[in-house]
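Numbering (the numbering used here), first residue to last: 42 to 482. We treat Cβ as the ideally placed atom computed from N, Cα and C, and that holds for glycine. Note that the coordinates shown come from a computational prediction; the quantities given were computed from them, not determined experimentally. Note sheet for the following structure.
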Amino acid sequence: MDILSVIEHKKKKQALTEEEIHLFVQGAAEGTIPDYQLAALLMAIRLNGMDMQETALLTDHMARSGHMLCPDVGGIPLDKHSTGGVGDTTTLVLAPLVAACGGKVLKMSGRGLGHTGGTVDKLESIPGMQVELDEETFVHIVREIGCCVVGQSKNLAPADKRLYALRDVTCTVDSIPLISSSILSKKFASGAKAIVLDVKVGSGALMPTYPDALSLAKTMVEIGKILSRPVSCVISGMEEPLGSHVGNALEVKEAIDILQGKAQGPLKDVALFLGSRMLLAAGLCDTEDDAMAKLQEAIDTGSGLQKFKEMIAAQGGNPHVCDDTGLLPQAPVIRPVYAKEAGFLCATDGVALGMAAQKMGAGRMTKDDIIDPAVGFVMKKRIGDRVEVRDVLCILHARDEISANEAEQNIRAALTFSPAPVSPARLIRALVDEKGVQDLP
Numbered sequence: 042m043d044i045l046s047v048i049e050h051k052k053k054k055q056a057l058t059e060e061e062i063h064l065f066v067q068g069a070a071e072g073t074i075p076d077y078q079l080a081a082l083l084m085a086i087r088l089n090g091m092d093m094q095e096t097a098l099l100t101d102h103m104a105r106s107g108h109m110l111c112p113d114v115g116g117i118p119l120d121k122h123s124t125g126g127v128g129d130t131t132t133l134v135l136a137p138l139v140a141a142c143g144g145k146v147l148k149m150s151g152r153g154l155g156h157t158g159g160t161v162d163k164l165e166s167i168p169g170m171q172v173e174l175d176e177e178t179f180v181h182i183v184r185e186i187g188c189c190v191v192g193q194s195k196n197l198a199p200a201d202k203r204l205y206a207l208r209d210v211t212c213t214v215d216s217i218p219l220i221s222s223s224i225l226s227k228k229f230a231s232g233a234k235a236i237v238l239d240v241k242v243g244s245g246a247l248m249p250t251y252p253d254a255l256s257l258a259k260t261m262v263e264i265g266k267i268l269s270r271p272v273s274c275v276i277s278g279m280e281e282p283l284g285s286h287v288g289n290a291l292e293v294k295e296a297i298d299i300l301q302g303k304a305q306g307p308l309k310d311v312a313l314f315l316g317s318r319m320l321l322a323a324g325l326c327d328t329e330d331d332a333m334a335k336l337q338e339a340i341d342t343g344s345g346l347q348k349f350k351e352m353i354a355a356q357g358g359n360p361h362v363c364d365d366t367g368l369l370p371q372a373p374v375i376r377p378v379y380a381k382e383a384g385f386l387c388a389t390d391g392v393a394l395g396m397a398a399q400k401m402g403a404g405r406m407t408k409d410d411i412i413d414p415a416v417g418f419v420m421k422k423r424i425g426d427r428v429e430v431r432d433v434l435c436i437l438h439a440r441d442e443i444s445a446n447e448a449e450q451n452i453r454a455a456l457t458f459s460p461a462p463v464s465p466a467r468l469i470r471a472l473v474d475e476k477g478v479q480d481l482p
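Structure representation (structure tokens):
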């Protein structure tokens, strides 16, 4: 048996055996299978899928492709993950808030995938911030502070680290088996005992339709059941950027604004809802209302912001960015984009907005691209808002006028206006866990 036979079997829509999956995963982890063969198998999986048993086996073998942590963090190890979107900075809000409420959040995050941003890229925009930590330091920070967010270490789920980068540049991001195994293998390897997942749905999400998002959520919950790990999923909307800020340093600024109590909106709402599920899973609160109140108190008292400062300092970063966001990278060109027509903003193309930021330098077009942490844009209008001619639609943060002009064209093309009023998009749709699917108002 060799990798060519494995590719051939999946090309012919055959289910892979555990031995074939082990060969694939081991070769990815050890570097014995070249990128072009891994890419071929990824595309075959993207086109022909995997059944539930294959997906669970892939997840398990990817988790076991390196070290499996059993961390002593002084409480239940908690983790949260989003399937990706535009302006989705929930981790940087909820991790310190949950820690301030007594939770222990050990978060191993990825870099940007396609049009979606990556938490690790965002954190690296903080001067001095280190996201590549050894496992002992990672666990120590969680035990002492309550939260730590790092990139994938070479020892934890190394197969996924390689496959993750390849998926980004081979158009194989939107595969439910690959998404599920990538997310959960990192969680299982890092030792999380309670996992809350945010499955995005809408024009800016990897899963553009509700049936797709529901299928992904059910798949991950089922994998958790097969592998004896509690997993729950929240399905939330991504018809437009979740936060108003899109771009790495800009998104860090928005997270700080929320922790300072200066900003409201959908990003905060989703972060608090996900955080409440984490507190409930850890047994730190009895009801959702109590959990939400406790998280809001952490904002009001400043204890959540303090935890963020402590985490940044522990990871080598400059905690003073929490007091002065001007210390974050700043773009040379900052200018507004004005509306040319009046009406109501009725729809956005989330993928196009994410790609606009990517082309500005906020994301990667190839896996070796260097990200510009300063660039991106700040949206000033949301779906349902009334817009008048010359209103500011967004503020561009660009490296030069050429990229600013291109971004302006791309952003304008991503926005649709209507003469009639429209309702804002529904934000939190459903909760999926071992009990089934619960629609949320």
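DSSP-derived helix/strand/coil call for residue i
i	result
Ala455	helix
Thr389	strand
His122	strand
His181	helix
Lys148	strand
Asp410	coil
His438	strand
Gln55	coil
Gln479	strand
Val362	helix
Ala461	coil
Arg376	strand
Val117	Residue 117 is actually Ile in this sequence, not Val. Here Ile117 sits in coil by DSSP.
Ile469	strand
Arg203	helix
Ile74	coil
Gly367	helix
Asn89	helix
Asp310	helix
Asp432	coil
Val47	helix
Asn446	helix
Ala104	helix
Ile167	coil
Gly402	helix
Gly159	coil
Leu197	coil
Pro112	coil
Under 8 Å between C-beta atoms of residue i and residue j
i	j	result
Leu291	His438	yes
Leu2	Met261	The question about residue 2 has no answer here: the residues shown for the chain are numbered 42 through 482.
Ala339	Ala372	no
Thr342	Val240	no
Ala403	Ile412	yes
Leu468	Gly278	yes
Val161	Met103	no
Leu315	Ala235	no
Leu336	Cys142	yes
Thr130	Glu295	yes
Val378	Glu442	no
Gly265	Gly417	no
Arg152	Gly144	no
Gly358	Ser459	no
Leu255	Asp215	no
Val463	Ile436	no
Ala483	Gly324	Residue 483 lies beyond the stretch modelled for the chain, which goes from 42 to 482, so this question has no answer here.
Pro252	Gly90	no
Gly177	Ser194	Correcting the residue type first, residue 177 is Glu in the shown sequence and not Gly. Cβ distance not < 8 Å, so Glu177 and Ser194 don't count as in contact.
Ser231	Leu320	no
Met42	Glu61	yes
Pro360	Lys350	yes
Val180	Leu110	yes
According to DSSP, residues forming a beta bridge with residue i
i	result
Cys212	Answer is none; Cys212 lacks a bridge partner.
Phe418	Val287 and Leu437
Cys189	Leu147
Asp474	Gly477
Arg427	Phe385
Sufficient close CB pairs (3 or more, under 8 Å) joining the region 455–463 to the region 386–393: yes
Please give the ranges of any alpha helix (DSSP H) in the region 217–289, keeping only runs that are unbroken, at least 4 residues long and fully inside the region. 217–230 and 251–267
Taking 8 Å as the cut-off, does the region 179–199 touch the region 136–150 (at least 3 CB pairs, one atom from each stretch)? yes
For the region 109–122 against the region 83–97, are there 3 or more C-beta pairs whose distance is under 8 Å? no
Between the region 321–329 and the region 159–167, do three or more beta carbon pairs fall short of 8 Å? no
Meets three-Cβ-pair contact criterion under 8 Å: the region 97–104 and the region 299–319: no
Stretch pair the region 198–216 + the region 73–81: three plus CB contacts closer than 8 Å: yes
Please list the segments of the alpha helix (DSSP H) lying wholly inside the region 317–350, counting only runs of 4 or more residues, in order along the chain. 329–341
Would you call the region 268–275 and the region 472–479 in contact, with 3 or more CB pairs under 8 Å? yes
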